[in-house]
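Colleague: Line by line, the protein sequences are chains X and C. For what it's worth, numbering that gives the first Met the number 0 labels the leading residue of the first sequence as 0, then goes sequentially. For what it's worth, numbering that gives the first Met the number 0 labels the leading residue of the second sequence as 0, then goes sequentially.
Number of protein chains: 2
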Amino acid sequence: MTEPLHRLLGSDLAADPAFLLARARAVTSVVANARLAPFQLKVRSLSVLWLAGQGFGPSQRELSEFLGLDPSQVVALIDDLQGRGLVERRPDDRDRRSRIIVATPAGRELLEQALTEVRAAGDTSFAGLTDDERKTLTGLLTKVAFGGR
Amino acid sequence: MTEPLHRLLGSDLAADPAFLLARARAVTSVVANARLAPFQLKVRSLSVLWLAGQGFGPSQRELSEFLGLDPSQVVALIDDLQGRGLVERRPDDRDRRSRIIVATPAGRELLEQALTEVRAAGDTSFAGLTDDERKTLTGLLTKVAFGGR
DNA sequence: CTTCAATCATTGACTTTCTCAACTATTTGG
DNA sequence: CCAAATAGTTGAGAAAGTCAATGATTGAAG
């Protein structure tokens, strides 16, 4: 027997995209974090490792802007990853204030494994959507996530 | 002059729906919370007031389930709203363990005003989307937010 | 009818995440 | 060269999330 599957779904709130965004984000991150737990990663720390492991060589400021995090949170995330030998802080020749974050070989190795888990998490989280719908969703979310100034 | 508008957009991460969900949710909630600040509300507390003000008479357990919050968080939210005379805890005749949350007249009044702000916030957050796209997004998000078991 | 397990709301403790202000080193523009 | 802005860091405090325990009540089983 299935759940009552909420009568509250009939409320206006249930049709509010901002609310849906919050709830969808909550459920997906729970699923993904569970999968990442064995690696001692969360979606947050993985995001950093991800960008560091793909040759972008982001500065911390870029990470902070792109991930929507306070610079101090980025510091903490990188401290952790660096302490575990997964990323390095490299000097930026063009600006000595700035640090460029690069994954170590160990970091790239872990990234690979973590990514397969994350993909699996995505498959369960977005199981109700067809491939086309996922693409559509991705496109729409991109506009919302990066639309404003 | 516009922003660099991130080279990191080229990363795989930028195409990951879970990441986009997180970022979209972050930006929309910042916008909405800013609009709600004059009412001393946040999207969280408004959600409760919203459901309480529309005749659903949700129990706290229902709120907790539907909003995806721990029951203790719901207690705190309602304590606050009740302390400000915006909602009441009513006994549930069918189950005396449970409390039914109902907005007071003052609560409904405030809700009205807050809702127009929230709609305005939505208009700025989703400005990049057509009406059709918003509907599509809402539909897709509903599946994700309420899909799994 | 009684007992036992489950459920609802609550409390309290604790961790994580968020937000902000201050500070140092460095860069940029005048 | 100087002043203002920027990158990263630190630290503090607020908000949010997690978890276990408790009292009251319910429902199911015997």
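Ideal placement from N, C-alpha and C gives every residue a C-beta, glycine not left out.
Please determine, among C:Ala17, C:Ala36, C:Leu62, the residue with the shortest C-alpha to C-alpha distance to Leu113 of chain C.
Modeller: Indexing the second sequence from 1 puts residue 113 of chain C at position 114. At residue 113 of chain C the sequence reads Ala, which differs from the Leu that was named. If we check each option's Cα against that of Ala113 of chain C, C:Ala36 comes out closest.
Colleague: Alpha carbon to alpha carbon, what distance is there between Asp122 of chain C and Ala25 of chain C?
Modeller: Here residue 25 of chain C refers to the residue found at position 26 of the second sequence. Here residue 122 of chain C refers to the residue found at position 123 of the second sequence. Rounded to whole angstroms, Ala25 of chain C to Asp122 of chain C spans 16 Å at the Cα level.
Colleague: Excluding sequence positions up to five away, which residues of its chain have a Cβ less than 7 Å from the Cβ of Val73 of chain X?
Modeller: Residue mapping note: residue 73 of chain X aligns to position 74 of the first sequence, counting from 1. Only Gln59, Leu62, Ser63 meet the Cβ criterion.
Colleague: Relative to the C-alpha of Ile100 of chain C, which candidate in C:Arg118, C:Gly9, C:Ser44, C:Ala51 has its C-alpha closest?
Modeller: In the second sequence, counting from the first residue as 1, residue 100 of chain C sits at position 101. Of the candidates C:Arg118, C:Gly9, C:Ser44, C:Ala51, the one whose C-alpha sits nearest the C-alpha of Ile100 of chain C is C:Ala51.
Colleague: Enumerate in chain order the residues of its own chain whose CB-to-CB distance from Leu40 of chain X is below 6 Å, with the five nearest sequence positions on each side excluded.
Modeller: Reading the first sequence from its first residue, position 41 is the one you call residue 40 of chain X. Result list for Leu40 of chain X: Ala113, in chain order.
Colleague: Run through DSSP, which three-state label would Asp97 of chain C get?
Modeller: If you number the second sequence from 1, residue 97 of chain C lands on position 98. Here residue 97 of chain C is Ser; the residue named in the question, Asp, does not match the sequence. In the structure shown, Ser97 of chain C sits in coil (DSSP, three-state: anything other than H, G, I, E or B).
Colleague: Taking buried to mean at least 16 other C-beta atoms within 10 Å of its own C-beta, is Asp15 of chain X buried or exposed?
Modeller: Translated into the one-based positions of the first sequence, residue 15 of chain X becomes position 16. Buried, because 16 or more other Cβ atoms sit within 10 Å of the Cβ of Asp15 of chain X.
Colleague: Identify whether Met0 of chain X lies in helix, strand or coil by the three-state DSSP scheme.
Modeller: Residue 0 of chain X sits at position 1 when you count from the first residue of the first sequence. Residue confidence is low: Met0 of chain X scores 36 on pLDDT, short of 50, so the model does not pin down where it sits. No coordinate-derived value is stated.
Colleague: Take Val86 of chain X and list the residues in its own chain whose beta-carbon comes closer than 6 Å to its own, dropping the five residues that flank it on each side.
Modeller: In the first sequence, residue 86 of chain X corresponds to position 87, counting from 1. Counting only Cβ-Cβ distances below 6 Å, and skipping sequence neighbours, we find Ala51, Leu80, Ile100, Ala102, Gly106.
Colleague: Check each residue of the segment 29 to 44 of chain C: if its Cβ is closer than 7 Å to any Cβ of chain X, include it; give the result in chain order.
Modeller: Result list: Ala31, Val42.
Colleague: Within the segment 66 to 124 of chain C, note down every full alpha helix (DSSP H) run reaching 4 residues or more, in order along the chain.
Modeller: For the segment 66 to 124 of chain C, whole alpha helix (DSSP H) runs of length 4 or above, ordered along the chain, are 70 to 82, 104 to 124.
Colleague: Closer than 8 Å by C-beta to Asp91 of chain X: which residues in its own chain qualify, once you throw out the five before and the five after it? Chain order, please.
Modeller: Within the first sequence, numbered from 1, the residue matching residue 91 of chain X stands at position 92. If we look at Asp91 of chain X and ignore the five residues flanking it on each side, its Cβ neighbours are Ser58, Ser97, Arg98, Ile99.
Colleague: Considering only the beta carbon of each residue, do Ala23 of chain C and Ala31 of chain X sit closer than 9 Å?
Modeller: Against the second sequence, residue 23 of chain C aligns to sequence position 24. Against the first sequence, residue 31 of chain X aligns to sequence position 32. Their beta carbons are not under 9 Å apart, which means Ala23 of chain C does not touch Ala31 of chain X by this criterion.
Colleague: Among C:Ser46, C:Lys142, C:Gly127, whose alpha-carbon lies nearest the alpha-carbon of Leu140 of chain X?
Modeller: If you number the first sequence from 1, residue 140 of chain X lands on position 141. The shortest Cα separation from Leu140 of chain X among C:Ser46, C:Lys142, C:Gly127 belongs to C:Gly127.
Colleague: Can you name the residues of chain X whose CB is closer than 8 Å to the CB of Thr135 of chain C?
Modeller: Here residue 135 of chain C is taken as the residue at index 136 of the second sequence, counted from 1. Near Thr135 of chain C (Cβ distances below 8 Å), the residues of chain X are Thr135, Leu139.
Colleague: In whole angstroms, what separates the C-alpha of Ala171 of chain X from that of His5 of chain X?
Modeller: Beyond the ends of chain X as shown, which are 0 and 148, falls residue 171 of chain X; an answer cannot be given.
Colleague: Residues bridged to Ser58 of chain C by DSSP?
Modeller: Sequence index remark: in the second sequence, residue 58 of chain C carries index 59 (1-based). DSSP lists C:Ile99 as partners of Ser58 of chain C.
Colleague: Using a Cβ-Cβ distance cut-off of 9 Å, determine whether Leu66 of chain C contacts chain X.
Modeller: On the second sequence, residue 66 of chain C is found 67 positions in, with the first residue counted as 1. Chain X contact via Cβ: present.
Colleague: Output yes if chain C places a C-beta closer than 9 Å to the C-beta of Thr103 of chain X; else output no.
Modeller: One-based indexing of the first sequence puts residue 103 of chain X at position 104. No, Thr103 of chain X does not count as interfacial toward chain C.
Colleague: Which term fits Leu8 of chain C, buried or exposed, when burial requires 16 or more other beta carbons within 10 angstroms of its beta carbon?
Modeller: Locating residue 8 of chain C in the second sequence gives position 9, counting from the first residue. Counting Cβ neighbours within 10 Å, Leu8 of chain C comes out exposed, since fewer than 16 surround it.
Colleague: Should Thr27 of chain C be labelled buried (16 or more other beta-carbon atoms within 10 Å of its own) or exposed?
Modeller: Counting from 1 along the second sequence, the entry for residue 27 of chain C is found at position 28. The residue is buried, with at least 16 neighbouring Cβ atoms inside 10 Å.
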